[in-house]
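Its first residue numbered 93, the sequence shown is counted upward by one per residue in the working numbering.
All residues carry an ideal CB built from backbone N, CA and C; glycine is no exception.
Since the structure comes first, as structure tokens, the remarks are kept for the end.
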Amino acid sequence: MQVHDSLVELMGNTPLLRLRKVTGGTGGAQVLAKVEYFNPGGSVKDRIAVRMVDAAEREGLLRPGGTIVEPTSGNTGVGLAIVAQERGYRCVFVCPDKVAKDKTDVLKAYGAEVVICPTAVAPDHPESYYSVSDRLAAEIPGAWKPNQYVNPNNPLSHYETTGPEIWEQTEGKITHFVAGIGTGGTISGTGRYLKEVSGGRVQIVGADPEGSVYSGGTGRPYLTEGVGEDIWPETYDREICDRVIAVSDKDSFTMTRRLAREEALLVGGSCGMAVVAALRVAAEAPDDAVIVVLLPDGGRGYLSKIFNDEWMQSYGFLSAAGQEEPTVGEV
Ligand code: PMP
93 MQVHDSLVEL
103 MGNTPLLRLR
113 KVTGGTGGAQ
123 VLAKVEYFNP
133 GGSVKDRIAV
143 RMVDAAEREG
153 LLRPGGTIVE
163 PTSGNTGVGL
173 AIVAQERGYR
183 CVFVCPDKVA
193 KDKTDVLKAY
203 GAEVVICPTA
213 VAPDHPESYY
223 SVSDRLAAEI
233 PGAWKPNQYV
243 NPNNPLSHYE
253 TTGPEIWEQT
263 EGKITHFVAG
273 IGTGGTISGT
283 GRYLKEVSGG
293 RVQIVGADPE
303 GSVYSGGTGR
313 PYLTEGVGED
323 IWPETYDREI
333 CDRVIAVSDK
343 DSFTMTRRLA
353 REEALLVGGS
363 CGMAVVAALR
373 VAAEAPDDAV
383 IVVLLPDGGR
393 GYLSKIFNDE
403 WMQSYGFLSA
413 AGQEEPTVGE
423 V
């Protein structure tokens, strides 16, 4: 019988899909999407969840009956909740209030507890989601905080899985790797592997919301979730990116909607952002370029925002007529 005993076994090994429609006008470069919503938890973060828990168990930081406490915008929480459920741990997640309610409801559906904190406070403020998670991790007996912003197993999981998968799937033909930067784990781990295996040939391109520090911003707020930072996390390796491209919320969300309507890829806002950056790379790259862009999650958690016309109009991202303004040609 072809049966898996555990969802955890099904994490990783996601497909590469050629983008055909949104790439119009970018010449011959191929743009291939690594579609991470095929993970059982629906996002790239399953990869880091299992790697961080395995390491904590090995190191004796997480013991039977323990509690996982983590500040997460949702996706890491889902991955951790799946691993925790299989292995009998309790989960408490701390989320900033800009995260869509649909996403925190998903965490609760897996049986996790969720604590919501204000987005508009400094990271060292006692009510920030960083501070609250530290306090809970100290107060709850048997608590372990994976801390995806400093845990080396975050980038390591991508060095060990995402990078090798992409190299094998493209038979070593990849020329550019494009990914959004949140903790920086994806781009740092995958990028390091691809640089090493190709002898430095593969170009690594970060995608970042306008305003975030990675692309030279001050950390001012933006709406794209899961990416961008106002601090420099330890999991981001500054040696890896050859280039970081800043993308506006409007361009990210417009592309996210186009991916759903033109490629039938119902994905999240950071995916639209990464694709905008990938198309900018494609527009300048030679015809034989093979550009891989990583799409971190699915779009169901954003139905009330990016895929809602009134919400888009309220920020001026969509005209009152509901027509999407084109980004191809402008990017
Ligand atoms: N997009 C989304 C939706 C995410 O949740 C994350 C993780 N924070 C990222 C992109 C960025 O990935 P990383 O943390 O590996 O840089």
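Residue i, DSSP secondary structure in three states
i	result
residue 229	helix
residue 214	coil
residue 324	coil
residue 319	coil
residue 242	coil
residue 205	strand
residue 409	coil
residue 392	helix
residue 423	In this prediction, residue 423 has a pLDDT of 39, which is less than 50 and means its spatial position is unreliable; what the coordinates show is noted afterwards. The answer is coil: DSSP assigns residue 423 none of H, G, I, E or B.
residue 111	coil
residue 359	strand
residue 399	coil
residue 247	helix
residue 425	No statement about residue 425 is possible, as the shown extent of the chain runs from 93 to 423 and does not include it.
residue 312	coil
residue 292	coil
residue 265	coil
residue 348	helix
residue 369	helix
residue 93	coil
residue 103	coil
residue 375	helix
residue 219	coil
residue 39	Because residue 39 is not part of the residues shown, which for the chain are 93 to 423, the question remains open.
residue 304	coil
residue 280	helix
residue 364	helix
residue 404	helix
residue 255	helix
Cα-Cα separation between residue i and residue j, rounded to whole angstroms
i	j	result
residue 250	residue 138	11 Å
residue 172	residue 391	20 Å
residue 232	residue 278	30 Å
residue 321	residue 265	32 Å
residue 186	residue 239	12 Å
residue 333	residue 124	19 Å
residue 136	residue 355	20 Å
residue 122	residue 286	18 Å
residue 340	residue 192	19 Å
residue 103	residue 227	31 Å
residue 159	residue 199	15 Å
residue 255	residue 189	32 Å
residue 420	residue 180	In this predicted model, residue 420 has a pLDDT of only 48, less than 50, meaning its place in the structure is not dependable; the value taken from the coordinates is given anyway. Distance between the alpha carbons of residue 420 and residue 180 is about 48 Å.
residue 399	residue 350	10 Å
residue 413	residue 263	45 Å
residue 303	residue 234	38 Å
residue 209	residue 360	22 Å
residue 305	residue 337	12 Å
residue 364	residue 294	22 Å
residue 134	residue 106	11 Å
residue 283	residue 290	11 Å
residue 383	residue 330	21 Å
residue 170	residue 373	32 Å
residue 422	residue 215	Interpretation of residue 422 is limited by its pLDDT of 43, a score under 50 that renders its predicted location unreliable; no figure is taken from the coordinates.
Bridge-paired residues (DSSP) for residue i
i	result
residue 335	297
residue 235	159
residue 382	122
residue 271	298
residue 387	127
Any non-hydrogen atom of the ligand PMP within 7 Å of residue i CB
i	result
residue 344	no
residue 132	no
residue 100	no
residue 397	no
residue 317	yes
residue 273	yes
residue 220	no
residue 388	yes
residue 362	yes
residue 126	no
residue 137	yes
residue 337	no
residue 160	no
residue 278	yes
residue 400	no
residue 167	yes
At what residue ranges does the segment 160-200 contain a whole run of the beta strand (DSSP E), taking only runs of 3 or more?
-> Those beta strand (DSSP E) runs which fall completely within the segment 160-200 and span 3+ residues are 182-188.
If you scan the segment 120-155 from start to end, which runs of the beta strand (DSSP E) of 3 or more residues do you find wholly inside it?
-> Complete beta strand (DSSP E) runs here, min 3: 122-127.
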